[in-house]
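Undergrad:
There are 2 protein chains.
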Amino acid sequence: MDLVESSKLVRSTTAVDVARILRNRILAGHYAEDQFIRQELIASELGVSRIPVREALAQLEAEGLVVRQKYRGALVPKLSLGEIQEIYEMRGMLEPYLLEAAIPNITREVIDRLRSVVERSRTVRDITEWAGLNMEFHRTLYAQANKPLSVQVLENLLTRADRYLKVQRFLSTGTQEESDAEHQRILDLIEEGNGAGAVDALRQHISWNAEDIRRTIGLDD
Amino acid sequence: MDLVESSKLVRSTTAVDVARILRNRILAGHYAEDQFIRQELIASELGVSRIPVREALAQLEAEGLVVRQKYRGALVPKLSLGEIQEIYEMRGMLEPYLLEAAIPNITREVIDRLRSVVERSRTVRDITEWAGLNMEFHRTLYAQANKPLSVQVLENLLTRADRYLKVQRFLSTGTQEESDAEHQRILDLIEEGNGAGAVDALRQHISWNAEDIRRTIGLDD
DNA sequence: ATAATGGATATTGGATCCAAAATAATTTGA
DNA sequence: TCAAATTATTTTGGATCCAATATCCATTAT
Numbered sequence: 003m004d005l006v007e008s009s010k011l012v013r014s015t016t017a018v019d020v021a022r023i024l025r026n027r028i029l030a031g032h033y034a035e036d037q038f039i040r041q042e043l044i045a046s047e048l049g050v051s052r053i054p055v056r057e058a059l060a061q062l063e064a065e066g067l068v069v070r071q072k073y074r075g076a077l078v079p080k081l082s083l084g085e086i087q088e089i090y091e092m093r094g095m096l097e098p099y100l101l102e103a104a105i106p107n108i109t110r111e112v113i114d115r116l117r118s119v120v121e122r123s124r125t126v127r128d129i130t131e132w133a134g135l136n137m138e139f140h141r142t143l144y145a146q147a148n149k150p151l152s153v154q155v156l157e158n159l160l161t162r163a164d165r166y167l168k169v170q171r172f173l174s175t176g177t178q179e180e181s182d183a184e185h186q187r188i189l190d191l192i193e194e195g196n197g198a199g200a201v202d203a204l205r206q207h208i209s210w211n212a213e214d215i216r217r218t219i220g221l222d223d
Numbered sequence: 003m004d005l006v007e008s009s010k011l012v013r014s015t016t017a018v019d020v021a022r023i024l025r026n027r028i029l030a031g032h033y034a035e036d037q038f039i040r041q042e043l044i045a046s047e048l049g050v051s052r053i054p055v056r057e058a059l060a061q062l063e064a065e066g067l068v069v070r071q072k073y074r075g076a077l078v079p080k081l082s083l084g085e086i087q088e089i090y091e092m093r094g095m096l097e098p099y100l101l102e103a104a105i106p107n108i109t110r111e112v113i114d115r116l117r118s119v120v121e122r123s124r125t126v127r128d129i130t131e132w133a134g135l136n137m138e139f140h141r142t143l144y145a146q147a148n149k150p151l152s153v154q155v156l157e158n159l160l161t162r163a164d165r166y167l168k169v170q171r172f173l174s175t176g177t178q179e180e181s182d183a184e185h186q187r188i189l190d191l192i193e194e195g196n197g198a199g200a201v202d203a204l205r206q207h208i209s210w211n212a213e214d215i216r217r218t219i220g221l222d223d
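Read top to bottom, the protein sequences are chains A and B.
Just so we're aligned, residue 3 is where the first sequence starts under the numbering used here, counting upward by one.
Just so we're aligned, residue 3 is where the second sequence starts under the numbering used here, counting upward by one.
In structure tokens form, the structure reads like this:
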């Protein structure tokens with residue numbers, strides 16, 4: 003058995019591709035909250051049939067990015083203050099838990115990678131790109147925790163939160179730099195062996211973000 | 003406009019029905035862990051086409067009850083000690099959080115309903131039925147928290163945990179009674195206004211369950 | 001005898017077609 | 001003129017059909 007052969011990459015299914023595209027569009031604010039996402043339109047835009055589109059919408063529904071009504075269609079649910087509050091409360095539990103589990107496994111090399119992400123993050127001005135780097139930071143950090151299910155749950159929460167982040171950035175500026183600085187500080191604390199301090203800093207970081215969102219966004223409910 | 007007309011219940015889609023049936027089967031241990039779930043077989047068994055079956059499998063994949071490989075099919079993933087440990091660690095964070103939020107909203111009437119669930123739970127001997135009542139207890143309790151997203155996340159974890167619960171019950175007996183007694187104790191504490199005590203008891207309850215599973219099940223990884 | 005190769009079979013993924021339901025347009029009645 | 005009812009159109013959900021890929025089996029070569 004050949005190594006190259008056994009490690010050949012399997013192309014993803016088109017339903018997954020469609021889901022990724024729609025996910026990006028939704029997070030970019032492409033679809034209004036009260037507007038149905040028409041299957042036929044997506045299908046013709048992407049040059050596929052409606053079948054993979056439907057499966058993609060089903061997947062996105064499971065992620066909470068759309069809701070579907072029988073014989074009516076799928077649409078992006080309204081942002082709600084209650085939901086984002088819950089998201090931040092859960093982040094406040096999950097992320098410290100993951101960081102604590104990750105710290106013993108964080109090597110010099112991981113630290114360097116994280117620093118490079120923060121560096122790149124500083125230079126970036128585009129909000130979407132910044133969100134991507136933000137995601138990469140958390141992803142590489144928590145990957146060290148060896149808790150794939152928890153990471154999966156967290157990533158779903160972060161994806162949902164991205165919609166709110168988008169709205170927030172339009173209103174409040176300068177938070178980006180603060181966030182990068184806080185990441186930097188967490189890295190510093192980890193590096194100097196102060197794990198508990200890093201976890202505390204993270205808790206603060208999340209708490210501030212939550213506060214920031216609450217202050218910035220005015221939402222019904 | 004007629005009230006009866008406006009409150010008419012909308013039949014769910016067949017894909018959702020198929021998903022529910024398959025979910026129950028999986029939790030009942032109907033499918034071996036290494037055996038592919040054939041779409042055509044399910045379709046003919048249920049008298050539908052493969053389309054809703056495929057959508058159901060997509061949904062179950064999102065819930066973590068099956069994994070799918072392109073052009074190979076869907077199968078129930080192996081139980082792993084790591085996963086069940088994560089589930090219990092997350093339950094240990096989420097459930098106290100939800101109970102705390104619920105307590106101020108728990109009325110006399112809710113207490114009564116919960117007591118009736120525990121009563122029924124005592125009489126039941128069938129493991130599947132007991133699991134259902136267990137689920138109902140948690141569901142009605144946490145519904146008072148007004149945190150739908152967190153409840154959704156928790157319910158997915160409980161569903162996943164059900165698979166392990168099944169295995170556990172075959173091996174250890176008597177845990178059922180203990181669990182009911184613990185539920186009773188939590189209710190008592192809530193009723194006498196000792197909210198913090200109830201939350202602590204719940205934490206203990208989950209911790210014991212986790213310990214029980216760890217002790218009882220021998221799993222690779 | 002065993003491993004490799006080529007083809008038959010089974011199974012999934014995607015496209016097209018049809019049915020059911022919702023929404024929009026039109027007609028009709030007062 | 002306006003509202004209710006009726007018809008037409010749109011859109012989704014499901015079934016059938018076709019293509020792509022994996023698995024199984026036989027044949028062949030060493």
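Even glycine gets a Cβ: it sits at the ideal position worked out from N, Cα and C.
Secondary structure at glycine 134 (chain B), three-state DSSP: helix, strand or coil?
TA: helix
Undergrad: Between which two residues does the alpha helix (DSSP H) holding glycine 75 (chain A) run?
TA: No alpha helix (DSSP H) contains glycine 75 (chain A), which is instead part of the beta strand (DSSP E) from 75 to 77.
Undergrad: Any C-beta of chain B sitting closer than 8 Å to the C-beta of serine 152 (chain A)?
TA: yes
Undergrad: Go through its chain and collect everything with a Cβ distance to alanine 58 (chain B)'s Cβ below 7 Å, but skip five positions before and after it.
TA: Ala17, Val20, Ala21, Leu24
Undergrad: Nearest-angstrom Cα distance between aspartate 114 (chain B) and arginine 205 (chain B)?
TA: 22 Å
Undergrad: Buried or exposed for leucine 43 (chain B), going by 16 or more other Cβ atoms inside 10 Å?
TA: exposed
Undergrad: If I measure Cβ to Cβ from threonine 142 (chain B) and keep anything under 8 Å in the same chain, skipping five residues before and after, which residues do I get?
TA: Val112, Arg115, Leu116, Val119
Undergrad: Kindly indicate if chain B contains any beta-carbon less than 8 Å away from that of tyrosine 90 (chain A).
TA: no
Undergrad: Interface residues of chain B around glutamate 57 (chain A) at Cβ under 8 Å?
TA: The contacting residues are Arg56, Glu57, Ala60.
Undergrad: Alpha carbon to alpha carbon, how far is glycine 197 (chain B) from leucine 48 (chain B)? Give it in angstroms, no decimals.
TA: 47 Å
Undergrad: Does the region 140 to 159 of chain B come close enough to the region 86 to 96 of chain B that 3 or more CB-CB pairs lie under 8 Å?
TA: Contact annotation: the region 86 to 96 of chain B touches the region 140 to 159 of chain B, with at least three C-beta pairs closer than 8 Å.
Undergrad: In chain A, which residues lie less than 9 Å from methionine 95 (chain B) when you measure between Cβ atoms?
TA: Met92, Met95, Leu96, Tyr99
Undergrad: So the alpha helix (DSSP H) valine 69 (chain A) belongs to, where does it begin and stop?
TA: Run containing valine 69 (chain A): none in the alpha helix (DSSP H); it sits in the beta strand (DSSP E), 69 to 71.
Undergrad: From alanine 212 (chain B) to leucine 83 (chain B), what does the alpha carbon distance come to, in whole angstroms?
TA: 11 Å
Undergrad: Whose CA, out of B:Asp190, B:Ser14, B:Ile28, B:Arg13, lies closest to the CA of arginine 110 (chain B)?
TA: Ranking the options by Cα distance to arginine 110 (chain B), first place goes to B:Asp190.
Undergrad: Report the three-state DSSP secondary structure of arginine 188 (chain B) (helix, strand or coil).
TA: Before going further, note that residue 188 (chain B) is isoleucine rather than arginine in the sequence given. It is helical.
Undergrad: Quick one: what does DSSP say leucine 204 (chain B) is sitting in, helix, strand or coil?
TA: Helix, per DSSP.
Undergrad: Considering only C-alpha positions, which residue in the set A:Glu179, A:Ile28, A:Ser209 is nearest to aspartate 164 (chain A)?
TA: A:Ile28
Undergrad: Considering only the beta carbon of each residue, do alanine 76 (chain B) and valine 69 (chain B) sit closer than 8 Å?
TA: yes
Undergrad: Could you name the residues of the same chain whose beta carbon sits closer than 6 Å to that of glycine 1 (chain A), not counting the 5 residues immediately before and after it, in chain order?
TA: The structure shown has nothing for residue 1 (chain A), since chain A only spans 3 to 223.
Undergrad: Cα separation between aspartate 182 (chain A) and proline 150 (chain A)?
TA: 25 Å
Undergrad: Beta-carbon within less than 7 Å of threonine 177 (chain A)'s beta-carbon, same chain only, minus the 5 sequence neighbours each way: which residues are those?
TA: Asp214
Undergrad: Taking only beta-carbon atoms, is glutamate 85 (chain A) less than 8 Å away from chain B?
TA: yes
Undergrad: Comparing C-alpha positions only, which one of A:Arg56, A:Gln71, A:Leu167 sits nearest to glutamate 131 (chain A)?
TA: Of the listed residues, the one whose Cα sits closest to glutamate 131 (chain A) is A:Leu167.
Undergrad: What residue range is occupied by the uninterrupted alpha helix (DSSP H) comprising tyrosine 99 (chain B)?
TA: 83 to 104
Undergrad: Does DSSP classify isoleucine 39 (chain B) as helix, strand or coil?
TA: strand
Undergrad: Could you check how far apart the C-beta atoms of glutamate 102 (chain B) and isoleucine 208 (chain B) are, in whole angstroms? I think they sit under 8 Å.
TA: With a Cβ gap of about 14 Å, glutamate 102 (chain B) and isoleucine 208 (chain B) do not count as contacting.
Undergrad: Can you name, in chain order, every residue of its own chain whose Cβ lies under 8 Å from the Cβ of aspartate 4 (chain A), other than the five neighbours on each side?
TA: For aspartate 4 (chain A), the pLDDT reaches just 31, beneath the cut-off of 50, and the residue's location in the model is therefore unreliable, leaving the point undetermined.
Undergrad: Just verifying my parser: in three-state terms, what is the DSSP assignment at glutamine 154 (chain A)?
TA: helix
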